[in-house]
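According to this note's numbering, the stretch in the sequence shown is residues 549 to 1034, in order.
From the three backbone atoms N, C-alpha and C, an ideal C-beta is built for every residue, glycine too.
Written below as structure tokens is the structure these notes are about.
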Amino acid sequence: MATILIIDDDPQICEILETFIHREGHRPFSRQTLTEGLRQLEKAPFDLVFLDVGLPDGSGLELVRHIRSSQGRPEVVIITGTGDADGAEMAIKNGAWDYLQKPFHLKEIILTLTRALQYRENLKASSAKAPPFNSRGIIGSSPVIHDCLATLAHASQNSANILITGETGTGKELFARAVHKNSARKENAFIVVDCAALPETLKESALFGHEKGAFTGADKRSEGLVKQAHGGTLFLDEVGELAPSLQKVFLRVLQEKCFRPVGGDTELKSNFRLVAATHQNLDQMVTEGSFRSDLLYRLRTVAIELPPLRLHAEDIQELILYHTGKICQNFHREPKGFSPDFFQMLCGYHWPGNIRELVHTLEGAISKAGHEPILFPMHLPNTIRVHVARANLKGPTSVTEAPPAIQLCTPLPPRLKSLPSRETVLIDADRTYLRHLMQVTRGNIKESCRISGLGRTRLYALMKKYKISRLGWTTPEHSELEAPVT
Ligand SMILES: Nc1ncnc2c1ncn2[C@@H]1O[C@H](COP(=O)(O)OP(=O)(O)OP(=O)(O)O)[C@@H](O)[C@H]1O
Ligand SMILES: [Mg+2]
């Protein structure tokens, strides 16, 4: 029996849906405003939420992401009287299961409900059977990163080709490496081919190798990257840059898994798994005629679209804590604490260079702070401070042309008048802070007290309250890349 929430301001719709859901053997609840709906989601986990768009206190569409991240991570089905293509696209991109337009047939609703619940059951059953997935330094608990990781975890269990897309610095290579490390091929090579950097004259021989004497300067036989990837993974980075002649050759290599070295007369075999990545829109390139459609379909057996950081701003804080800890270790510095406005500043920026830009910014700040124990906004580059200051200015004095800054780490849209209770937010913040404090200090209580300013007794009391153990962080053999169980 599943638990289902209906958020719709039309009491009649609520009543009809409740009756049918009940008849299907599930437990329905209904709420008529977003505020009440969110409150209900805080109280108990739900399996599915039917969500209206035009609600008295805001648009349901803006909250799909937030609802998907609530406890139970429910599926969301949009039910709207005013369907439009952009709304449907936004809903699906934000993780909605389906987008239905009113008036709908109840059959349609029940079919959607049954499929969504079946999907959840399948997911539960397969994740119970699947070997544990090591997310190797991939940070983020937002639903969108969670969904990308779920796709990655499934794909790592087979050898299907994967295409990872996303803006620069969103983690394409990190994800590609994670799929290799979680696959049966992990003991073999992970070979990176940067298609944008292949030297024009040598690209065929770099990829496929050459025989001795194949061209001037080929004074000995060489094995190409494709052969080196035998038994492992071949990562074609910036695949949109692959020249048309090589696209044709690669199509054949993917089909036959064999290739001919330059100057060779026999074909060689290589059993590799292909992962490709690009920041370009390959569909558009196909339309424009600069990328082969048959190659794109082969590359994209599994598609992973990594979101820009501004679309999962709720992960910024966690990313800061993780990377600061890592950078301090690399720089042989003591772990740093943070002034609250340091977080605010970083969460208020729009990060056009995504996570890579965030990491570089933190490196710069830590280097600038030297041996000072606390990071302040003063340690950040002026470009970021000026941007955030401008974006925070309201009214006619604001002259920024850059995209609006992200609201302080909260995914809730400003239109929503009622936020989760202050107490809930503070408890969440405390829990996250303590977990990361343990991560940064590797469970060192003395260090944790120093950074947090908490006394030992108060720290222990809070850890007990939130059931946070220091043990997961202290084991020496524990990989820094794995998330410990708290
Ligand atoms: N989810 C994540 N959690 C932690 N760190 C991340 C995450 N995503 C990216 N990073 C970090 O951001 C930096 C850039 O990541 P990566 O090189 O994988 O991005 P990319 O998409 O391949 O970028 P580009 O398009 O510029 O090549 C790396 O330092 C990586 O560790
Ligand atoms: Mg890259």
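Where P576 falls: helix, strand or coil (DSSP): As a working mapping, residue 576 is identified with position 28 in the sequence shown. Here P576 sits in strand by DSSP.
C-beta contact flag for L553 and Q588 at 7 Å: Taking the first residue of the sequence shown as position 1, residue 553 is located at position 5. Taking the first residue of the sequence shown as position 1, residue 588 is located at position 40. In this structure, Q588 lies closer than 7 Å to L553 by Cβ.
Validate contact between the stretch 672-679 and the stretch 815-833 using beta carbons, cut 8 Å, 3 pairs: no
Segments assigned alpha helix (DSSP H), at least 4 residues, entirely inside the stretch 660-706: 691-703
Validate contact between the stretch 561-573 and the stretch 640-658 using beta carbons, cut 8 Å, 3 pairs: yes
Pairwise C-alpha distance: P900 and I626: Position 78 of the sequence shown, counted from the start, is the residue given in the question as residue 626. Position 352 of the sequence shown, counted from the start, is the residue given in the question as residue 900. Each residue's alpha carbon lies about 30 Å from the other.
Those runs of the alpha helix (DSSP H) which lie wholly inside the stretch 696-776 and span at least 4 residues: For the stretch 696-776, whole alpha helix (DSSP H) runs of length 4 or above, ordered along the chain, are 720-729, 751-756 and 773-776.
Proximity to S915 [Cα-Cα], best of E623, E882, C895 and G719: What you label residue 915 is simply residue 367 of the sequence shown in a count that begins at 1. Cα-wise, what sits closest to S915 is E882.
CA nearest to the CA of F738, picked from F723, L746, A745 and P747: Taking the first residue of the sequence shown as position 1, residue 738 is located at position 190. When each option's Cα is compared against that of F738, the closest is F723.
Those residues which DSSP pairs with C806 across a bridge: Walking along the sequence shown from the start, residue 806 turns up at place 258. For C806, which the question treats as bridged, DSSP gives the partners K817.
Enclosing beta strand (DSSP E) for L596 [first to last residue]: Counting from 1 along the sequence shown, the entry for residue 596 is found at position 48. From DSSP, the beta strand (DSSP E) with L596 extends over L596 to D600.
DSSP-derived helix/strand/coil call for R983: The sequence position of residue 983 within the sequence shown is 435, counting from 1. Correct three-state label for R983: helix.
Contact test: T716 Cβ vs ligand 1 heavy atom, cutoff 6 Å: As a first step, residue 716 is located in the sequence shown; it is residue number 168 there, counting from the start. Checking the Cβ of T716 against ligand 1 gives yes.
6 Å CB neighbourhood of D863 in its chain, flanking five on each side removed: To locate residue 863, count along the sequence shown from 1; it is residue 315. Same-chain partners within the cutoff: G688 and S690.
Check: E789 C-beta below 6 Å from any heavy atom of ligand 2: Taking the first residue of the sequence shown as 1, we reach residue 789 at position 241. No, since every heavy atom of ligand 2 falls outside the 6 Å radius drawn around the Cβ of E789.
DSSP-derived helix/strand/coil call for I569: The residue you call residue 569 lines up with position 21 of the sequence shown. Here I569 sits in helix by DSSP.
Distance cut-off 6 Å: E905 Cβ against heavy atoms of ligand 2: Walking along the sequence shown from the start, residue 905 turns up at place 357. Because no heavy atom of ligand 2 lies under 6 Å away, the Cβ of E905 does not count as near it: no.
Same chain only: Cβ atoms within 8 Å of C997, ignoring 5 sequence neighbours per side: Here the question's residue 997 lines up with position 449 in the sequence shown. Here the set comprises G1003, R1004 and L1007.
Between the CA atoms of R938 and G780 - distance to the nearest angstrom: Working through the sequence shown from its first residue, we reach residue 780 at position 232. Working through the sequence shown from its first residue, we reach residue 938 at position 390. When rounded, the distance between both Cα atoms is 49 Å.
Under 7 Å between C-beta atoms of R858 and H898: In the sequence shown, the residue the question calls residue 858 occupies position 310. In the sequence shown, the residue the question calls residue 898 occupies position 350. Between R858 and H898, the C-beta gap is smaller than 7 Å, which places the two residues in contact.
Helix, strand or coil at P952 according to DSSP, with G and I counted as helix: The sequence position of residue 952 within the sequence shown is 404, counting from 1. At P952 the pLDDT is 39, less than 50, meaning the model places this residue with poor confidence; the figure from the coordinates comes in the next sentence. Here P952 sits in coil by DSSP.
Closest residue to K775 among A745, V741, V787 and T749 (Cα-Cα distance): By one-based count along the sequence shown, residue 775 stands at place 227. Comparing Cα positions, the closest option is V741.
Nearest neighbour of D541, chosen from K994, H702, A703 and H927 [CA to CA]: In the structure as shown, the chain starts at 549 and stops at 1034, and residue 541 therefore has no counterpart that could be examined.
Under 7 Å, CB to nearest heavy atom of ligand 2: contacting residues: K720, E721, D785 and A825
Three-state class that DSSP yields for G943 in the structure shown: By 1-based counting over the sequence shown, the position of residue 943 is 395. Since pLDDT at G943 reaches only 43, below the 50 mark, its modelled position is unreliable, and the value read off the structure follows with that caveat. In the structure shown, G943 sits in a helix (DSSP, three-state: H, G or I).
Member of N706, R933, L665 and K874 whose CA lies at the smallest distance from the CA of G573: As a first step, residue 573 must be located in the sequence shown, where it is residue number 25. Checked all of N706, R933, L665 and K874; the closest Cα to G573 is L665.
DSSP three-state assignment for S966, whether helix, strand or coil: Locating residue 966 in the sequence shown gives position 418, where the first residue counts as 1. Confidence is the limiting factor: at S966 the pLDDT is only 44, short of 50, which leaves the residue's position unreliable and the question unanswerable from this model.
Nearest-angstrom beta carbon gap, A824 and E789 [assumed within contact, 8 Å]: Stepping through the sequence shown from its first residue, residue 789 is reached at position 241. Stepping through the sequence shown from its first residue, residue 824 is reached at position 276. Not quite, the Cβ-Cβ distance comes to about 11 Å (not below 8 Å), so this is no contact.
Cβ-heavy atom distance, I686 to ligand 1, below 6 Å: As a first step, residue 686 must be located in the sequence shown, where it is residue number 138. It does: the Cβ of I686 is within 6 Å (strictly closer) of some heavy atom of ligand 1.
Counterpart residues of E623 in DSSP-defined beta bridges: Locating residue 623 in the sequence shown gives position 75, counting from the first residue. The partner list for E623 (beta bridge, DSSP) reads L596.
Reduced DSSP category for F783 - H, G, I as helix; E, B as strand; rest coil: To locate residue 783, count along the sequence shown from 1; it is residue 235. If DSSP states are grouped into helix, strand and coil, F783 belongs with the strands.
S1027 burial status per 10 Å Cβ neighbour count (16 or more: buried): Start at 1 with the first residue of the sequence shown, and residue 1027 comes out as number 479. Any reading at S1027 is ruled out, since the residue's pLDDT is 35, under 50, leaving its predicted position unreliable.
C-beta contact flag for T718 and L802 at 7 Å: Here residue 718 is taken as the residue at index 170 of the sequence shown, counted from 1. Here residue 802 is taken as the residue at index 254 of the sequence shown, counted from 1. No, Cβ-Cβ distance for T718 and L802 is not below 7 Å.
Assigned exposure category for N930 - 16 Cβ within 10 Å defines buried: Indexing the sequence shown from 1 puts residue 930 at position 382. Looking at its Cβ environment, which holds fewer than 16 other Cβ atoms inside 10 Å, N930 is exposed.
Residue(s) in a DSSP beta bridge with E853: As a working mapping, residue 853 is identified with position 305 in the sequence shown. Its beta-bridge partners are T713.
heavy atom of ligand 1 below 6 Å from H827 C-beta: Looking up residue 827 in the sequence shown gives position 279. Because some heavy atom of ligand 1 lies under 6 Å away, the Cβ of H827 counts as near it: yes.
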